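What follows is a single structure, written as structure tokens, with notes after it.
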Amino acid sequence: MTATLKRYGLGIIAIAATIVVFIVPLAFMVLTAVKDRKEASKLDFSWPTNFQLVENFNQVLSARKFMLVTAFVNSTILTVASVAILVVLAAMVAWVLQRRSSRWNALVNFLILSGLIIPPAIVPTIWVLQGLGLFKSLPGLILVEVAFGLSFCVMLFRAFIASIPKELDEAAVIDGCGPVRLFFRVIFPLLRSVIVTVIVVQSVAIFNDFQHPLYFLPGDANATVQLTLFNFQSQFTTNYNLLFMNILLITIPPFIMYLFFNRQIVAGMTAGAVKG
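In the working numbering, the protein residues as written are 312 to 587.
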């Protein structure tokens, strides 16, 4: 009886903590986003007497020459391109490192771990991008996102590839598969659970990234969704309803992704951790 009570008690505490930490702020944000300016200025947790969902949405969307629309387009291009390159490149690197032993493996492993530990150097990265002619451009920022996310993805893929028997590679080679065909026809389809995990985790991280676009992609024409919040904060300092509507619109895409793919994320993370 005591054990059962303790188990349910811990569950109730966990649910209560989740409600306080996640549900309450989300509800406050939604309620403030649909209020008018006068009610929103009170910043209290109350039901709005005058719903202005459509009006607030239209004002935020059309502000600064539809800057939010441009930001969503930029963030979508940035996220899709970066994640696509990360998935393919990280899987290929992890496969080579796991399957082929050489004297360079120790150095490569050190560099991968360094990518997780050492913080990014902003000024040297800007110099490199300027030298390549990619500073203040989406392709340059895509390369930056790929570089900073590659270490995590390689480690995740490598842990899962370690569980795939080498006999599959040998059988495919005997059947006449070359290295490229072997990877894309045999190995890559087996990485589905980890691929989903990498796609969701990296998509949310890149879509919500504020620091890298701020440093490497300045300018209103190149704004991403997180930079619009930074720009709108000064414009809507007293218009909390519009500010929270902007926050709500930015929060919806990552929230939907986690809502629909949370099981795949956990499955991919667990598979990599256990099988590696």
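No residue lacks a Cβ here, since even glycine has one placed at the ideal position from N, Cα and C.
Note that this is a predicted model, so its numbers are computed, not measured.
Straight-line Cα distance separating residue j from residue i
i      : j      : result
Gln441 : Asp347 : 45 Å
Leu452 : Phe541 : 18 Å
Val511 : Lys349 : 38 Å
Ile429 : Val404 : 20 Å
Ile334 : Ile485 : 56 Å
Phe383 : Glu478 : 45 Å
Leu408 : Pro476 : 15 Å
Leu252 : Phe572 : This structure cannot settle anything about residue 252, because the visible part of the chain is limited to 312 through 587.
Arg492 : Gln363 : 56 Å
Cys464 : Pro359 : 44 Å
Leu570 : Gly487 : 43 Å
Ala516 : Phe339 : 24 Å
Trp520 : Val365 : For the record, residue 520 in the displayed sequence is Asp; it is not Trp. Cα to Cα, Asp520 sits roughly 28 Å from Val365.
Phe368 : Pro435 : 40 Å
Pro431 : Ser514 : 19 Å
Ala328 : Pro524 : 33 Å
Leu354 : Leu337 : 14 Å
Ile324 : Val332 : 12 Å
Phe566 : Ser386 : 15 Å
Lys376 : Asp531 : 10 Å
Gly322 : Thr562 : 27 Å
Val585 : Met568 : Annotation note: pLDDT 47 at Val585 (below 50); position unreliable, no value reported.
Opening and closing residue of the alpha helix (DSSP H) in which residue i lies
i      : result
Lys477 : 477-485
Ile453 : 449-472
Val398 : 364-410
Leu443 : 433-443
Ser425 : 416-428
Lys349 : 348-351
Pro336 : 335-344
Ile517 : 503-518
Pro524 : 522-527
Same chain only: Cβ atoms within 7 Å of residue i, ignoring 5 sequence neighbours per side
i      : result
Ile506 : Val398
Thr549 : Ser352
Phe494 : Met403, Trp406
Leu559 : Met340, Val341, Ala344
Leu553 : Asn367, Gln370, Val371, Phe547
Ile433 : Tyr526
Any chain D beta carbon closer than 7 Å to residue i
i      : result
Val345 : Of the chains in the structure shown, none is chain D; there is only one protein chain.
Cβ separation of residue i and residue j, assumed to be a contact under 8 Å, to the nearest whole Å
i      : j      : result
Ile498 : Leu449 : No, Ile498 and Leu449 are not in contact; Cβ-Cβ is about 30 Å, not under 8 Å.
Phe543 : Ala344 : Not a contact, Cβ separation roughly 13 Å.
Lys447 : Asn533 : 7 Å
Asp480 : Arg410 : 7 Å
Residues near residue i by beta carbon distance below 6 Å, same chain, minus five either side
i      : result
Ser462 : Ile423, Gly426, Leu427
Ser393 : Ile453, Glu456, Val457, Ile517
Gly587 : Note that Gly587 scores 41 on pLDDT, short of 50, meaning its location in the model is unreliable; the coordinates nonetheless yield the value given after this. Closer than 6 Å at the Cβ level, and outside the excluded window around Gly587, lie Ala470, Ala473.
Close-in-space but distant-in-sequence residues of the same chain around residue i (CB under 8 Å, 5 per side omitted)
i      : result
Asn361 : Lys346, Asp347, Glu350
Ile437 : Phe446, Tyr526, Phe527
Mind the definition here: the region 525-543 touches the region 366-383 only if three or more C-beta pairs lie below 8 Å; say whether that holds.
yes
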